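Here is the structure we will look at.
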Amino acid sequence: MSDSPFGDISIETFLRDYWQKKPLLVRNAFPDLQAPVGADELAGLSLEDDVESRLVVQSPDGDDWQIKHGPFDEDTFTNLPDTHWTLLVQAVDHWVPEASEIVEQFRFIPNWRYDDLMVSFATQGGGVGPHYDNYDVFLIQTQGKRRWEVGGFFDQNSPRRADTPVMIMTQWEPEYNWVLEPGDMLYIPPQVGHNGIGETDDCMTYSVGFRAPSHAEIMRSFTDFIGEKLTSESRYTDPDLTLQDNPGEITPQAIQKVREIFTGYLQDDARLGEWLGKFVTDPKYPELDQSPEEPATVEQIRTALQEGDLCFIRNEGSRFSYSAGKAGEIQLYADGSCFKVPESGSTLATSLCQTPTIVISQGEWSDQQLQLLADLYNQGSLYTE
(Lines of atoms letter the chains of each structure in order from A and count residues from 1; the text may use other names and numbers.)
(Lines give C-alpha, C1' and ligand atoms only; values in the text may rest on other atoms or scores of the structure.)
Protein backbone atom coordinates (compact mmCIF):
# COMPACT_ATOMS: atom_id res chain seq x y z
CA MET A 1 0.00 0.00 0.00
CA SER A 2 1.33 3.47 -0.94
CA ASP A 3 2.28 5.92 1.76
CA SER A 4 -0.43 8.20 0.36
CA PRO A 5 -4.03 6.98 0.30
CA PHE A 6 -4.71 9.53 -2.47
CA GLY A 7 -3.06 7.70 -5.35
CA ASP A 8 -0.92 10.05 -7.43
CA ILE A 9 -1.68 12.94 -5.07
CA SER A 10 0.85 13.25 -2.25
CA ILE A 11 -0.23 13.84 1.33
CA GLU A 12 1.41 17.28 1.22
CA THR A 13 -0.60 18.18 -1.90
CA PHE A 14 -3.81 16.90 -0.34
CA LEU A 15 -3.31 19.02 2.78
CA ARG A 16 -2.46 22.09 0.71
CA ASP A 17 -5.17 21.86 -1.95
CA TYR A 18 -8.05 19.82 -0.48
CA TRP A 19 -8.03 19.61 3.33
CA GLN A 20 -10.98 21.73 4.58
CA LYS A 21 -11.23 23.27 1.10
CA LYS A 22 -12.91 20.96 -1.42
CA PRO A 23 -14.03 17.34 -1.91
CA LEU A 24 -11.77 14.71 -3.44
CA LEU A 25 -12.73 11.40 -5.03
CA VAL A 26 -10.01 8.74 -5.15
CA ARG A 27 -10.74 5.67 -7.21
CA ASN A 28 -9.27 2.39 -5.96
CA ALA A 29 -7.63 4.08 -2.98
CA PHE A 30 -7.71 0.83 -0.99
CA PRO A 31 -7.69 -1.94 -3.62
CA ASP A 32 -6.76 -4.76 -1.25
CA LEU A 33 -8.76 -3.65 1.78
CA GLN A 34 -10.16 -6.54 3.79
CA ALA A 35 -13.00 -5.06 5.82
CA PRO A 36 -12.80 -6.48 9.36
CA VAL A 37 -16.51 -5.97 10.00
CA GLY A 38 -19.27 -7.29 7.78
CA ALA A 39 -23.04 -6.80 7.89
CA ASP A 40 -23.71 -9.55 10.46
CA GLU A 41 -20.92 -8.36 12.76
CA LEU A 42 -22.17 -4.77 12.50
CA ALA A 43 -25.71 -5.82 13.41
CA GLY A 44 -24.26 -7.79 16.34
CA LEU A 45 -22.44 -4.73 17.63
CA SER A 46 -25.68 -2.72 17.54
CA LEU A 47 -27.21 -5.19 20.03
CA GLU A 48 -24.64 -4.27 22.68
CA ASP A 49 -25.51 -1.80 25.45
CA ASP A 50 -22.23 0.13 25.31
CA VAL A 51 -22.21 0.59 21.53
CA GLU A 52 -23.69 3.75 20.00
CA SER A 53 -25.87 2.90 17.01
CA ARG A 54 -28.71 4.30 14.91
CA LEU A 55 -31.19 2.92 12.43
CA VAL A 56 -32.64 5.26 9.79
CA VAL A 57 -35.67 4.07 7.83
CA GLN A 58 -37.29 6.09 5.06
CA SER A 59 -40.26 5.59 2.80
CA PRO A 60 -39.45 4.92 -0.88
CA ASP A 61 -40.91 8.34 -1.83
CA GLY A 62 -38.69 10.11 0.73
CA ASP A 63 -41.62 11.75 2.54
CA ASP A 64 -41.43 9.80 5.79
CA TRP A 65 -38.28 9.33 7.91
CA GLN A 66 -37.81 7.40 11.15
CA ILE A 67 -34.74 7.16 13.35
CA LYS A 68 -34.22 4.63 16.14
CA HIS A 69 -31.33 4.49 18.59
CA GLY A 70 -29.74 1.27 19.83
CA PRO A 71 -29.19 -1.04 21.48
CA PHE A 72 -31.44 -3.07 19.21
CA ASP A 73 -32.63 -6.66 19.38
CA GLU A 74 -32.94 -9.37 16.75
CA ASP A 75 -36.62 -8.59 16.19
CA THR A 76 -35.63 -5.09 15.07
CA PHE A 77 -33.87 -6.47 12.00
CA THR A 78 -36.47 -9.15 11.34
CA ASN A 79 -39.16 -6.48 10.97
CA LEU A 80 -37.23 -4.13 8.68
CA PRO A 81 -38.46 -3.49 5.12
CA ASP A 82 -36.53 -4.90 2.17
CA THR A 83 -35.16 -1.52 1.08
CA HIS A 84 -34.54 2.10 2.14
CA TRP A 85 -32.92 1.63 5.54
CA THR A 86 -29.46 2.27 6.98
CA LEU A 87 -27.69 0.99 10.10
CA LEU A 88 -24.94 3.23 11.50
CA VAL A 89 -22.57 2.16 14.28
CA GLN A 90 -20.13 4.63 15.87
CA ALA A 91 -16.60 3.97 17.10
CA VAL A 92 -16.30 0.51 15.58
CA ASP A 93 -12.52 0.76 16.03
CA HIS A 94 -13.12 0.87 19.82
CA TRP A 95 -14.65 -2.59 19.73
CA VAL A 96 -12.90 -4.30 16.83
CA PRO A 97 -9.10 -3.98 17.14
CA GLU A 98 -8.55 -4.97 13.50
CA ALA A 99 -10.59 -1.95 12.39
CA SER A 100 -8.04 0.41 13.90
CA GLU A 101 -5.60 -0.56 11.15
CA ILE A 102 -7.70 1.49 8.73
CA VAL A 103 -7.44 4.51 11.01
CA GLU A 104 -3.64 4.23 11.02
CA GLN A 105 -3.65 5.12 7.31
CA PHE A 106 -4.72 8.65 8.29
CA ARG A 107 -2.17 9.44 10.97
CA PHE A 108 -0.86 12.32 8.86
CA ILE A 109 -3.64 14.23 10.65
CA PRO A 110 -2.75 15.00 14.33
CA ASN A 111 -3.93 12.36 16.79
CA TRP A 112 -6.05 14.79 18.75
CA ARG A 113 -8.15 15.67 15.69
CA TYR A 114 -9.27 12.08 15.17
CA ASP A 115 -12.77 11.18 16.34
CA ASP A 116 -13.78 7.65 15.39
CA LEU A 117 -14.51 5.08 12.71
CA MET A 118 -18.20 4.85 11.92
CA VAL A 119 -19.49 1.98 9.79
CA SER A 120 -22.80 2.10 7.95
CA PHE A 121 -24.73 -0.62 6.14
CA ALA A 122 -27.48 0.36 3.71
CA THR A 123 -29.93 -1.47 1.49
CA GLN A 124 -31.09 -0.28 -1.92
CA GLY A 125 -32.18 3.38 -1.56
CA GLY A 126 -30.99 3.61 2.04
CA GLY A 127 -29.37 6.79 3.35
CA VAL A 128 -29.75 9.64 5.82
CA GLY A 129 -30.72 12.34 3.34
CA PRO A 130 -28.83 15.42 2.06
CA HIS A 131 -27.00 17.01 4.98
CA TYR A 132 -23.71 18.53 6.09
CA ASP A 133 -21.32 17.83 8.97
CA ASN A 134 -19.09 20.15 10.97
CA TYR A 135 -16.13 17.80 10.70
CA ASP A 136 -13.87 16.25 8.05
CA VAL A 137 -14.67 12.74 6.92
CA PHE A 138 -13.10 10.13 4.64
CA LEU A 139 -15.71 7.76 3.20
CA ILE A 140 -14.34 4.37 2.15
CA GLN A 141 -16.56 1.96 0.24
CA THR A 142 -15.90 -1.61 1.39
CA GLN A 143 -18.70 -3.54 -0.32
CA GLY A 144 -21.64 -2.87 -2.60
CA LYS A 145 -22.15 0.49 -4.27
CA ARG A 146 -23.21 3.87 -2.94
CA ARG A 147 -24.12 6.95 -4.93
CA TRP A 148 -22.83 10.24 -3.49
CA GLU A 149 -24.31 13.59 -4.40
CA VAL A 150 -21.88 16.29 -3.23
CA GLY A 151 -21.65 20.05 -3.36
CA GLY A 152 -22.45 23.42 -1.83
CA PHE A 153 -21.57 24.90 1.56
CA PHE A 154 -24.21 24.95 4.28
CA ASP A 155 -24.56 26.21 7.85
CA GLN A 156 -27.11 26.40 10.66
CA ASN A 157 -29.09 29.03 8.73
CA SER A 158 -29.52 26.83 5.64
CA PRO A 159 -33.15 25.76 5.04
CA ARG A 160 -33.98 22.26 6.18
CA ARG A 161 -37.05 20.12 6.65
CA ALA A 162 -38.64 20.59 10.06
CA ASP A 163 -40.80 17.45 9.88
CA THR A 164 -38.02 14.84 9.96
CA PRO A 165 -35.90 13.46 12.83
CA VAL A 166 -32.75 13.69 10.67
CA MET A 167 -31.29 16.87 9.17
CA ILE A 168 -32.35 17.11 5.53
CA MET A 169 -31.42 20.15 3.45
CA THR A 170 -34.25 21.42 1.25
CA GLN A 171 -32.35 23.60 -1.23
CA TRP A 172 -30.23 20.78 -2.58
CA GLU A 173 -28.45 21.12 -5.92
CA PRO A 174 -25.36 18.88 -5.88
CA GLU A 175 -22.34 19.75 -8.01
CA TYR A 176 -21.05 16.16 -8.26
CA ASN A 177 -22.67 12.78 -8.67
CA TRP A 178 -20.38 9.80 -8.08
CA VAL A 179 -20.99 6.07 -7.57
CA LEU A 180 -18.38 4.52 -5.27
CA GLU A 181 -17.38 0.88 -5.59
CA PRO A 182 -15.30 -1.24 -3.17
CA GLY A 183 -11.90 0.36 -2.58
CA ASP A 184 -12.99 3.87 -3.63
CA MET A 185 -12.68 6.77 -1.17
CA LEU A 186 -14.33 10.18 -0.96
CA TYR A 187 -13.12 13.08 1.20
CA ILE A 188 -15.75 15.59 2.37
CA PRO A 189 -14.69 18.86 4.12
CA PRO A 190 -16.77 20.45 6.89
CA GLN A 191 -20.04 22.11 5.86
CA VAL A 192 -20.02 20.63 2.36
CA GLY A 193 -23.39 19.10 1.55
CA HIS A 194 -23.52 15.40 0.72
CA ASN A 195 -26.11 12.70 0.26
CA GLY A 196 -25.25 8.99 0.18
CA ILE A 197 -27.74 6.57 -1.36
CA GLY A 198 -27.36 2.79 -1.40
CA GLU A 199 -27.23 1.47 -4.98
CA THR A 200 -27.18 -2.19 -3.91
CA ASP A 201 -28.61 -4.23 -1.04
CA ASP A 202 -25.17 -4.83 0.49
CA CYS A 203 -23.80 -1.29 0.65
CA MET A 204 -21.18 -0.80 3.39
CA THR A 205 -19.17 2.38 4.01
CA TYR A 206 -16.43 3.06 6.53
CA SER A 207 -16.34 6.71 7.67
CA VAL A 208 -13.10 7.97 9.25
CA GLY A 209 -14.15 11.18 11.02
CA PHE A 210 -12.05 14.04 12.39
CA ARG A 211 -13.52 16.29 15.04
CA ALA A 212 -13.17 20.05 15.31
CA PRO A 213 -14.12 21.40 18.74
CA SER A 214 -16.51 24.35 18.57
CA HIS A 215 -15.44 27.69 20.01
CA ALA A 216 -18.18 27.28 22.60
CA GLU A 217 -16.72 23.92 23.73
CA ILE A 218 -13.22 25.39 23.85
CA MET A 219 -14.27 28.43 25.89
CA ARG A 220 -16.38 26.45 28.35
CA SER A 221 -13.72 23.80 28.87
CA PHE A 222 -10.87 26.29 29.37
CA THR A 223 -12.76 28.51 31.80
CA ASP A 224 -13.87 25.45 33.79
CA PHE A 225 -10.25 24.23 33.89
CA ILE A 226 -8.95 27.59 35.10
CA GLY A 227 -11.82 28.08 37.55
CA GLU A 228 -11.07 24.80 39.31
CA LYS A 229 -7.52 25.96 40.04
CA LEU A 230 -8.34 29.40 41.47
CA THR A 231 -8.90 30.38 45.09
CA SER A 232 -11.62 32.63 46.44
CA GLU A 233 -8.96 35.36 46.86
CA SER A 234 -8.41 35.54 43.09
CA ARG A 235 -10.56 38.57 42.42
CA TYR A 236 -10.93 41.78 40.45
CA THR A 237 -8.96 44.61 42.08
CA ASP A 238 -8.77 48.36 41.42
CA PRO A 239 -6.42 50.08 43.91
CA ASP A 240 -6.02 52.89 41.34
CA LEU A 241 -9.76 53.72 41.38
CA THR A 242 -10.52 57.42 40.77
CA LEU A 243 -13.70 59.47 41.12
CA GLN A 244 -16.15 59.12 38.22
CA ASP A 245 -18.63 61.72 36.96
CA ASN A 246 -21.33 59.04 36.84
CA PRO A 247 -21.13 55.93 39.07
CA GLY A 248 -23.20 54.01 36.51
CA GLU A 249 -20.47 54.03 33.85
CA ILE A 250 -18.37 50.94 33.21
CA THR A 251 -15.20 52.74 32.24
CA PRO A 252 -12.67 51.73 29.56
CA GLN A 253 -10.19 51.22 32.41
CA ALA A 254 -12.48 48.64 34.03
CA ILE A 255 -12.94 46.82 30.73
CA GLN A 256 -9.15 46.76 30.27
CA LYS A 257 -8.65 45.26 33.74
CA VAL A 258 -11.09 42.45 32.90
CA ARG A 259 -9.35 41.91 29.56
CA GLU A 260 -6.03 41.57 31.41
CA ILE A 261 -7.55 38.88 33.64
CA PHE A 262 -8.37 36.81 30.55
CA THR A 263 -5.11 37.45 28.72
CA GLY A 264 -3.08 36.70 31.84
CA TYR A 265 -4.30 33.10 31.83
CA LEU A 266 -4.05 32.77 28.05
CA GLN A 267 -0.40 33.90 28.11
CA ASP A 268 0.53 31.19 30.59
CA ASP A 269 1.80 28.66 28.03
CA ALA A 270 2.26 25.85 30.56
CA ARG A 271 -1.28 26.13 31.90
CA LEU A 272 -2.80 26.61 28.44
CA GLY A 273 -0.87 23.61 27.10
CA GLU A 274 -1.94 21.39 30.00
CA TRP A 275 -5.59 22.29 29.48
CA LEU A 276 -5.41 21.71 25.72
CA GLY A 277 -3.68 18.34 26.10
CA LYS A 278 -6.24 17.08 28.58
CA PHE A 279 -9.16 18.54 26.63
CA VAL A 280 -8.30 17.03 23.24
CA THR A 281 -7.40 13.59 24.61
CA ASP A 282 -10.48 13.20 26.78
CA PRO A 283 -12.05 9.83 25.87
CA LYS A 284 -14.98 9.76 23.49
CA TYR A 285 -16.86 7.60 26.00
CA PRO A 286 -15.46 8.59 29.42
CA GLU A 287 -18.12 6.56 31.21
CA LEU A 288 -16.56 3.31 29.98
CA ASP A 289 -14.05 1.89 32.48
CA GLN A 290 -11.17 0.33 30.52
CA SER A 291 -8.86 -0.24 33.47
CA PRO A 292 -7.67 -3.84 34.15
CA GLU A 293 -9.00 -5.89 37.02
CA GLU A 294 -5.48 -6.29 38.42
CA PRO A 295 -3.22 -3.20 38.34
CA ALA A 296 0.42 -3.62 37.34
CA THR A 297 3.51 -2.53 39.28
CA VAL A 298 7.03 -1.72 38.17
CA GLU A 299 8.25 -4.87 39.90
CA GLN A 300 5.77 -7.03 38.00
CA ILE A 301 6.85 -5.53 34.68
CA ARG A 302 10.53 -6.18 35.47
CA THR A 303 9.72 -9.76 36.39
CA ALA A 304 7.76 -10.27 33.16
CA LEU A 305 10.67 -8.89 31.13
CA GLN A 306 12.93 -11.58 32.54
CA GLU A 307 10.76 -14.12 30.73
CA GLY A 308 10.77 -12.30 27.37
CA ASP A 309 9.76 -9.18 25.50
CA LEU A 310 6.60 -7.32 26.44
CA CYS A 311 4.30 -5.80 23.81
CA PHE A 312 2.20 -2.85 24.98
CA ILE A 313 -0.72 -1.95 22.71
CA ARG A 314 -2.52 1.39 22.67
CA ASN A 315 -6.16 0.87 23.57
CA GLU A 316 -8.20 1.32 20.40
CA GLY A 317 -10.44 3.83 22.15
CA SER A 318 -7.59 5.82 23.71
CA ARG A 319 -6.25 9.19 22.62
CA PHE A 320 -2.54 9.97 22.93
CA SER A 321 -0.77 13.29 22.28
CA TYR A 322 2.20 15.17 23.70
CA SER A 323 3.78 18.61 23.87
CA ALA A 324 7.39 19.60 24.39
CA GLY A 325 8.33 21.34 27.62
CA LYS A 326 11.48 22.87 29.01
CA ALA A 327 14.84 21.10 29.27
CA GLY A 328 13.72 18.27 27.01
CA GLU A 329 10.73 17.40 29.21
CA ILE A 330 7.68 15.92 27.51
CA GLN A 331 4.11 16.32 28.67
CA LEU A 332 2.31 13.18 27.62
CA TYR A 333 -1.48 13.30 27.47
CA ALA A 334 -3.51 10.10 27.44
CA ASP A 335 -7.26 9.89 27.89
CA GLY A 336 -7.48 13.23 29.65
CA SER A 337 -4.54 12.63 32.00
CA CYS A 338 -1.20 14.46 31.96
CA PHE A 339 2.14 12.73 32.60
CA LYS A 340 5.29 14.81 32.96
CA VAL A 341 8.11 12.81 31.40
CA PRO A 342 11.78 13.85 31.77
CA GLU A 343 14.13 13.90 28.80
CA SER A 344 15.35 10.40 29.61
CA GLY A 345 11.88 9.01 28.89
CA SER A 346 10.92 11.31 26.02
CA THR A 347 11.55 8.71 23.30
CA LEU A 348 9.23 6.26 25.04
CA ALA A 349 6.52 8.92 25.42
CA THR A 350 6.64 10.11 21.82
CA SER A 351 6.75 6.54 20.48
CA LEU A 352 3.53 5.75 22.32
CA CYS A 353 1.88 8.59 20.39
CA GLN A 354 3.28 7.60 17.01
CA THR A 355 2.73 3.85 16.84
CA PRO A 356 -0.13 1.67 18.14
CA THR A 357 2.25 -0.92 19.63
CA ILE A 358 5.59 -0.76 21.40
CA VAL A 359 7.78 -3.72 22.29
CA ILE A 360 10.18 -3.45 25.22
CA SER A 361 12.96 -5.87 26.05
CA GLN A 362 14.92 -6.52 29.19
CA GLY A 363 17.58 -3.83 29.52
CA GLU A 364 18.25 -0.39 30.90
CA TRP A 365 14.71 0.69 31.69
CA SER A 366 14.48 3.14 34.57
CA ASP A 367 11.84 2.80 37.24
CA GLN A 368 10.40 6.09 35.99
CA GLN A 369 9.92 4.74 32.47
CA LEU A 370 8.36 1.52 33.70
CA GLN A 371 6.15 3.50 36.06
CA LEU A 372 4.83 5.45 33.08
CA LEU A 373 3.93 2.18 31.33
CA ALA A 374 2.32 0.88 34.52
CA ASP A 375 0.28 4.06 34.98
CA LEU A 376 -0.96 3.98 31.39
CA TYR A 377 -1.78 0.28 31.71
CA ASN A 378 -3.60 0.78 34.99
CA GLN A 379 -5.83 3.53 33.61
CA GLY A 380 -6.68 1.38 30.59
CA SER A 381 -4.81 3.41 27.96
CA LEU A 382 -2.47 0.49 27.21
CA TYR A 383 -2.93 -3.26 27.31
CA THR A 384 -0.61 -6.22 26.76
CA GLU A 385 -0.93 -9.21 24.50
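In our numbering, the protein residues as written are 3 to 387. Here a beta-carbon is modelled for each residue, glycine too, at the ideal position from N, C-alpha and C. No experiment lies behind these values; they were computed from the predicted model shown.
Original post:
Who pairs with residue 385 in a beta bridge, going by DSSP?
Top reply: As a position in the sequence shown, residue 385 is number 383, starting the count at 1. Looking at the DSSP assignment, residue 385 forms a beta bridge with 315.
**OP:** Would you check if there are 3 or more beta carbon pairs closer than 8 angstroms linking the segment 104-119 to the segment 59-74?
**Re:** no
**OP:** Compare the beta carbon distance of residue 199 and residue 146 with 9 angstroms and say whether it is the shorter of the two.
**Re:** Locating residue 199 in the sequence shown gives position 197, counting from the first residue. Locating residue 146 in the sequence shown gives position 144, counting from the first residue. No, the pair does not count as a contact, with Cβ atoms beyond the cut-off.
Original post:
Any idea what DSSP makes of residue 156, helix, strand or coil?
Top reply: Locating residue 156 in the sequence shown gives position 154, counting from the first residue. DSSP places residue 156 in coil when its eight states are reduced to three.
Original post:
residue 152 and residue 194 look like a contact to me (Cβ under 8 angstroms); what is the Cβ gap, rounded to whole Å?
Top reply: Taking the sequence shown and counting its residues from 1, one reaches residue 152 at position 150. Taking the sequence shown and counting its residues from 1, one reaches residue 194 at position 192. Yes, they are in contact, since the Cβ atoms of residue 152 and residue 194 sit about 7 angstroms apart, within 8 angstroms.
**OP:** Starting from the N-terminal side, write out each stretch of the alpha helix (DSSP H) that is 4 residues or longer and does not extend beyond the segment 73-152.
**Re:** 76-80, 94-97, 102-105
Original post:
Counting pairs of beta carbons, one from the segment 217-235 and one from the segment 160-168, are three or more of them closer than 8 angstroms?
Top reply: no
Original post:
For residue 40, which three-state DSSP category applies?
Top reply: Position 38 of the sequence shown, counting from 1, holds the residue named residue 40. Three-state DSSP puts residue 40 in coil, outside helix and strand.
**OP:** Classify residue 257 as buried or exposed, calling it buried when 16 or more other Cβ atoms lie within 10 Å of its own Cβ.
**Re:** Locating residue 257 in the sequence shown gives position 255, where the first residue counts as 1. Residue 257 is exposed by the Cβ-count criterion.
Original post:
Tell me, which residues are paired with residue 212 by DSSP?
Top reply: Locating residue 212 in the sequence shown gives position 210, counting from the first residue. Paired residues: 116, 138.
**OP:** Return the chain-ordered ranges of every beta strand (DSSP E) run that is complete within the segment 316-383 and spans a minimum of 3 residues.
**Re:** 322-326, 332-336, 339-343, 359-362
Original post:
Is it true that the segment 317-333 meets the segment 281-296, where meeting means three or more beta-carbon pairs spaced less than 8 angstroms apart?
Top reply: yes
Original post:
Where residue 3 and residue 10 are concerned, what is the direct C-alpha to C-alpha distance, given to the nearest angstrom?
Top reply: The count along the sequence shown starts at 1 and reaches residue 3 at position 1. The count along the sequence shown starts at 1 and reaches residue 10 at position 8. Its pLDDT being 40, under 50, residue 3 is placed unreliably by the model, and the measurement read from it follows with that caveat. In a straight line, the C-alpha of residue 3 is about 13 angstroms away from that of residue 10.
**OP:** Between the Cα of residue 327 and those of 356, 342, 125, spot the shortest distance and give me the residue it belongs to.
**Re:** Your numbering for residue 327 matches position 325 in the sequence shown. Per the Cα distances, 342.
Original post:
So which of 196, 280, 172 has the shortest CA-CA distance to residue 135?
Top reply: Along the sequence shown, read from residue 1 onward, the residue named residue 135 stands at position 133. Among 196, 280, 172, the Cα nearest to that of residue 135 is on 196.
**OP:** Return the CA-CA distance between residue 162 and residue 219, expressed in angstroms with no decimal places.
**Re:** Working through the sequence shown from its first residue, we reach residue 162 at position 160. Working through the sequence shown from its first residue, we reach residue 219 at position 217. Rounded to the nearest angstrom, the two C-alpha atoms are 25 angstroms apart.
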